[in-house]
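What follows is a set of notes on a single structure, which appears directly below.
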Amino acid sequence: MRNALHKARVKDAPEERTKLERFKPEQVFGNVTLLKRLKKAKKLKFHARCSCGYEFDVDPFRLTLPEHHKDRITACQRCSTAQNKEHPKPQA
852 MRNALHKARV KDAPEERTKL ERFKPEQVFG NVTLLKRLKK AKKLKFHARC
902 SCGYEFDVDP FRLTLPEHHK DRITACQRCS TAQNKEHPKP QA
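Structure below.
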C-alpha cells in the first residue's frame, strides 16, 4: 500500500470507488507546480516551482498530506519562512 501511495495520490470521488491518480508534470498543489520527475532519485521525487518562482525538489506525496500534518508542504522554503515571520505561532 505504501508503494502505491508513493506512486499516486488518492482522488476523492464520492460517487465512484476510490481511484489512484498518478502524479504528472504541470499538476498544481496550492502554490507548488510539479515540473518534471527526477529519474535517478531512489524515491519518487519531482522538480517543482513555487508561485514566487523558486524551484526545488520535492516528494509529491508530501503535497497531498492533510492540512495540519507536520510534514505537509504548501510552498517553498522561502515562502514558508516569510509566512512564519508574519504569523508567529502563539506560545502556550
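Residues in the sequence shown are numbered consecutively from 852, following the numbering used here. Backbone N, C-alpha and C fix where the C-beta goes; we use that ideal spot for every residue, glycine too. Predicted model only: the values in this text are computed from it and were never measured.
Practice item. Grab the span of the beta strand (DSSP E) containing C903 for me, first residue to last. Key: It is not in any beta strand (DSSP E) - C903 carries neither H nor E in the DSSP assignment.
Review point. If we ignore side chains and look at the alpha-carbon of each, how far apart do N935 and F874 end up?
Key: 29 Å
**Study point:** Simplified DSSP state of R873, which is helix, strand or coil
**Key:** strand
Practice item. Could you name the residues of the same chain whose beta carbon sits closer than 8 Å to that of P876, not counting the 5 residues immediately before and after it, in chain order? Key: L885, L886, K887, R888, F897
Check your understanding: Can you tell me the Cα-Cα spacing of D922 and D908, whole angstroms?
Key -> 15 Å
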